[in-house]
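Okay, structure first, notes after.
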Amino acid sequence: MEPVIVVGGGLSGLSAAHSVLEHGGKVILLDKKPALGGNSVKASSGINGAGTDTQTRLNINDTPQKFYDDTTKSAGQLARPNLITALTSNSAPAIDWLTKNFGVDLSLVSMLGGHSTPRTHRGTGGAPGWAITSALMKKLALEEEKPEQRAKILKNAKVVKLLQDGDKVTGVEYEDGQGQKVKLEGPVVIATGGFGADFSSTGLIATHRPDLIQLPTVNGDHATGDGHVLITSLPSHSGVLIDMDQVQVHPTGFVDPAQPDAKTKFLAAEALRGVGGLLLKKDGSRFVNEMEKRDVVTAKMWEVIQSGQGPVRLVLGVQAATELKSHCDFYLSKGLMKKFANLQEVAEHMQVSLKDLQGTFISHESYASGQAKDPFGKTQFHNSDIKVEETFLVALITPVVHYTMGGVLVDEQAHVLDASGKPIPGLYASGEVIGGVHGKNRLGGSSLLEAVVFGRIAGENAAKSQ
111 MEPVIVVGGG LSGLSAAHSV LEHGGKVILL DKKPALGGNS VKASSGINGA GTDTQTRLNI
171 NDTPQKFYDD TTKSAGQLAR PNLITALTSN SAPAIDWLTK NFGVDLSLVS MLGGHSTPRT
231 HRGTGGAPGW AITSALMKKL ALEEEKPEQR AKILKNAKVV KLLQDGDKVT GVEYEDGQGQ
291 KVKLEGPVVI ATGGFGADFS STGLIATHRP DLIQLPTVNG DHATGDGHVL ITSLPSHSGV
351 LIDMDQVQVH PTGFVDPAQP DAKTKFLAAE ALRGVGGLLL KKDGSRFVNE MEKRDVVTAK
411 MWEVIQSGQG PVRLVLGVQA ATELKSHCDF YLSKGLMKKF ANLQEVAEHM QVSLKDLQGT
471 FISHESYASG QAKDPFGKTQ FHNSDIKVEE TFLVALITPV VHYTMGGVLV DEQAHVLDAS
531 GKPIPGLYAS GEVIGGVHGK NRLGGSSLLE AVVFGRIAGE NAAKSQ
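FYI, the numbering for the sequence shown is 111 to 576, going by my numbering.
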């Protein structure tokens, strides 16, 4: 039996690798970087699951159907029911797999924009992306050490070509750290991530979304669409790309005061708004429902910035900051957030009157208590009871290139499809490299989920294909 070759060492590739092992196969995982993890390790809001044991314990009434409906609404006219069904129906099993097989703490549940109920899971410690991905990395490293030798990890190994015999993909060719080219035989899972850092003049962003070429990004420099190119460059029976103009611009990337023009920025996690953070114009007033879908919030931010009413600030009261203490401590240590002793200091920092700024919070509390209706349509409120003498955290934020919804055409079994819709034998894909799962807008918490769900599916099917 040939090993399954997994290309990409982020969460989706790791999920695929473990799935191969669980189904009796051997696996070789390759990553072009000297360390595994990809963008997955930076994910900071959590992972979605509908109908989980944790939700039941917390008396949260959720179902895969509700999650399907929310995802379909977010995806708009580009929704693909088969892929959304695969994502949402496998969400609770994915959470269960992570907690029971890898010991990941996912005991907290929050609500993010575009969701109708709380379903985004995280733990009590650090960022969930790191907690989840590192757990899978550690266990795969242990598998590699076992005498059975069913798992092998190759770092600094850049795959440059997919091998093909007729229509069937039979393996890969990669360059090792010394520049030597090596061939491996076996079914292939492509899990190389998106193209959110491909800003070259002839790259995928320039080709499909040239209007975004000047924006900053939160992606690591590895996110250059390698898998997209590999799959569409097959000499016979190649894959196709879909929805490539659908690039998610996240509304909240941190502006580092020390490096305000830096191309790569830290993401201000959507969870910061989920726990009660407010978005304010330079005059201290709100301008959007902070819990709206990402594309809506981003559009409103552009209106504010382009009309000269920026910069936009994210402001958290002490209760909200405490709920995400590990996040906020990290942001403070990086100088991305600034702490103020009371609202008066915030007003002085923003150069607005305390009366006006306090009025924003008083109005917001009246909406939360039901005394008045939020003019921006907000109906979900958390930690809205703000006191002027309490501590506040403030950050400058800006829209950033975040996630690429477009990618390789696959079916719900993670088979890569050709232009006629037929599977390419021996070739699977999972994670951000695939297109169509999120349509025109991805919901927060669904990137880690997509990585796990489709990684597990791809790994299982690749292992069973022999």
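For every residue, glycine included, the Cβ atom is placed at its ideal position computed from N, Cα and C.
These numbers were taken from a predicted model, which means no experiment stands behind them.
Status (buried if at least 16 other CB within 10 Å, exposed otherwise) for residue i
{"i": "leucine 294", "result": "buried"}
{"i": "asparagine 329", "result": "buried"}
{"i": "threonine 482", "result": "A small correction: the amino acid at residue 482 is alanine; threonine does not occupy that position in the sequence shown. Exposed, because fewer than 16 other Cβ atoms sit within 10 Å of the Cβ of alanine 482."}
{"i": "histidine 225", "result": "buried"}
{"i": "histidine 347", "result": "buried"}
{"i": "aspartate 172", "result": "buried"}
{"i": "histidine 231", "result": "buried"}
{"i": "lysine 497", "result": "exposed"}
{"i": "leucine 168", "result": "exposed"}
{"i": "lysine 391", "result": "buried"}
{"i": "methionine 111", "result": "exposed"}
{"i": "alanine 372", "result": "exposed"}
{"i": "asparagine 211", "result": "exposed"}
{"i": "valine 269", "result": "buried"}
{"i": "glycine 569", "result": "buried"}
{"i": "histidine 525", "result": "buried"}
{"i": "alanine 529", "result": "exposed"}
{"i": "histidine 459", "result": "exposed"}
{"i": "alanine 126", "result": "buried"}
{"i": "aspartate 623", "result": "Here the chain has residues from 111 to 576 only, and residue 623 is not among them."}
{"i": "lysine 403", "result": "buried"}
{"i": "proline 113", "result": "buried"}
{"i": "threonine 280", "result": "buried"}
{"i": "threonine 432", "result": "exposed"}
{"i": "glutamine 274", "result": "buried"}
{"i": "lysine 248", "result": "exposed"}
{"i": "serine 201", "result": "buried"}
CB-CB length for residue i against residue j, believed under 8 Å
{"i": "leucine 264", "j": "leucine 140", "result": "5 Å"}
{"i": "proline 326", "j": "threonine 508", "result": "7 Å"}
{"i": "leucine 377", "j": "histidine 360", "result": "6 Å"}
{"i": "glutamine 358", "j": "histidine 133", "result": "No, glutamine 358 and histidine 133 are not in contact; Cβ-Cβ is about 32 Å, not under 8 Å."}
{"i": "leucine 453", "j": "glutamine 468", "result": "6 Å"}
{"i": "glutamine 88", "j": "glycine 147", "result": "Residue numbering for the chain in the displayed model covers 111 to 576; residue 88 lies beyond these limits and cannot be assessed."}
{"i": "glycine 239", "j": "leucine 558", "result": "6 Å"}
{"i": "leucine 519", "j": "leucine 527", "result": "5 Å"}
{"i": "valine 52", "j": "isoleucine 567", "result": "The shown model of the chain, from 111 to 576, leaves out residue 52, and the question about it has no answer."}
{"i": "isoleucine 300", "j": "valine 563", "result": "The pair is not a contact, with the Cβ atoms about 16 Å apart (cut-off 8 Å)."}
{"i": "glutamate 283", "j": "lysine 271", "result": "4 Å"}
{"i": "serine 122", "j": "serine 556", "result": "With a Cβ gap of about 13 Å, serine 122 and serine 556 do not count as contacting."}
{"i": "alanine 561", "j": "glycine 233", "result": "About 17 Å separates the two Cβ atoms, so there is no contact after all."}
{"i": "isoleucine 205", "j": "threonine 162", "result": "5 Å"}
{"i": "glycine 565", "j": "serine 129", "result": "7 Å"}
{"i": "valine 219", "j": "arginine 229", "result": "7 Å"}
{"i": "glycine 235", "j": "serine 436", "result": "6 Å"}
Close Cβ partners of residue i (< 6 Å) along its chain, the five nearest in sequence each way excluded
{"i": "leucine 97", "result": "Summary: the structure shown does not reach residue 97, with the chain confined to residues 111 through 576, and so no result is reported for it."}
{"i": "asparagine 192", "result": "Glu522"}
{"i": "glycine 549", "result": "Ala185, Gly186, Leu188 and Ala189"}
{"i": "aspartate 466", "result": "Gly394"}
{"i": "tyrosine 477", "result": "Asp484"}
{"i": "leucine 464", "result": "Gln454 and Ala457"}
{"i": "alanine 237", "result": "Ser154"}
Chain-order list of residues whose beta-carbon lies under 8 Å from that of residue i (same chain, five-residue window excluded)
{"i": "lysine 375", "result": "Pro326, Thr327, Val328, Gly363, Phe364, Val365, Asp366, Thr508 and Val510"}
{"i": "valine 398", "result": "Leu389, Val406, Val407, Lys410, Met411 and Phe486"}
{"i": "glutamate 475", "result": "Ser494, Asp495 and Ile496"}
{"i": "valine 456", "result": "Val425, Phe450, Leu467, Phe502 and Val504"}
{"i": "glutamate 400", "result": "Gly223, Arg383, Gly387, Leu388, Leu389, Val407 and Lys488"}
Own chain partners of residue i with C-beta closer than 7 Å, once the 5 adjacent residues on each side are dropped
{"i": "lysine 574", "result": "His133"}
{"i": "alanine 368", "result": "Gly445"}
{"i": "glutamate 253", "result": "Leu131, Arg260 and Ala261"}
{"i": "threonine 209", "result": "Leu216"}
{"i": "asparagine 149", "result": "Gly120, Gly303, Asn329, Gly330 and Ala333"}
{"i": "aspartate 180", "result": "Gly224, His225, Ser226 and Leu553"}
{"i": "glycine 276", "result": "Ser346"}
{"i": "tyrosine 178", "result": "Ile194, Thr195 and Thr198"}
The ligand ADP heavy atom lying under 6 Å from the CB of residue i
{"i": "threonine 182", "result": "Among the components of this structure there are no ligands whatsoever, and the ligand ADP is therefore not found."}
Open item on the list: Report the start-end ranges of each alpha helix (DSSP H) in the segment 337-391 that is 4 residues or longer and not cut off at the edges.
Closed with: 381-384
Worksheet entry | 3 or more residues per run - each beta strand (DSSP E) lying fully within the segment 161-245 | 218-220 and 230-232
* Does the segment 318-337 come close enough to the segment 153-160 to have 3 or more Cβ pairs within less than 8 Å? -> no
- Task: Return the chain-ordered ranges of every beta strand (DSSP E) run that is complete within the segment 267-307 and spans a minimum of 3 residues.
- Result: 268-275, 278-285, 291-295 and 298-300
message = Threshold first: 3 residues or longer. Then list the beta strand (DSSP E) segments lying entirely within the segment 411-452, N to C.
response = 422-427 and 448-450
Which ranges would you report for the alpha helix (DSSP H) in the segment 446-513 if only whole runs of at least 4 residues count? 453-460 and 464-478
- [ ] May I have a chain-ordered list of the beta strand (DSSP E) segments no shorter than 3 residues that lie completely inside the segment 509-572?
- [x] 525-527 and 533-539
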